[in-house]
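J.: In the working numbering, the protein residues as written are 53 to 147.
Think of the CB as a built atom: it goes at the ideal place given N, C-alpha and C, for glycine as much as any other residue.
Quick one: structure below, then a few questions.
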Amino acid sequence: NLESANNDLITRTSAAYFQVLVGIESLAAAETNEAAAKKQFDYADKRLEVGLAPITDVHEARAQYDQARADTINARNTLKDYYQALTELTGQPVV
Numbered sequence: 053n054l055e056s057a058n059n060d061l062i063t064r065t066s067a068a069y070f071q072v073l074v075g076i077e078s079l080a081a082a083e084t085n086e087a088a089a090k091k092q093f094d095y096a097d098k099r100l101e102v103g104l105a106p107i108t109d110v111h112e113a114r115a116q117y118d119q120a121r122a123d124t125i126n127a128r129n130t131l132k133d134y135y136q137a138l139t140e141l142t143g144q145p146v147v
């Protein structure tokens, strides 16, 4: 039935739109976490240079920074997938 198909399309489009919004927020959070992890890594590295921190602190900070970078990449890719799904539903490019 046409009305049922229209309602289904509206529901799927709305869900895809809200996924994009969540994806945007997730990416922003990941980028914020990455920036904070980078600062922690830089701080630990500088403390090591002047003899105030052990190398293990630098390695731990580096691992956290690398994980934050990976999380940002994943969030960016997920957002691209969400945009693609919305584009496929609407038939219009979404930027």
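Determine the DSSP secondary structure at A127, reduced to helix, strand or coil.
T.: helix
J.: Throw me the rounded Cβ distance for the L131 and L79 pair, which I believe falls under 8 Å.
T.: 5 Å
J.: Are the CB atoms of D94 and V110 nearer to each other than 8 Å?
T.: Taking 8 Å as the cut-off, the Cβ atoms of D94 and V110 do not count as close.
J.: Using the three-state DSSP reduction, which class does A105 fall into: helix, strand or coil?
T.: coil
J.: Which residue's Cα is closest to the Cα of A115: Q144, K90, A82?
T.: K90
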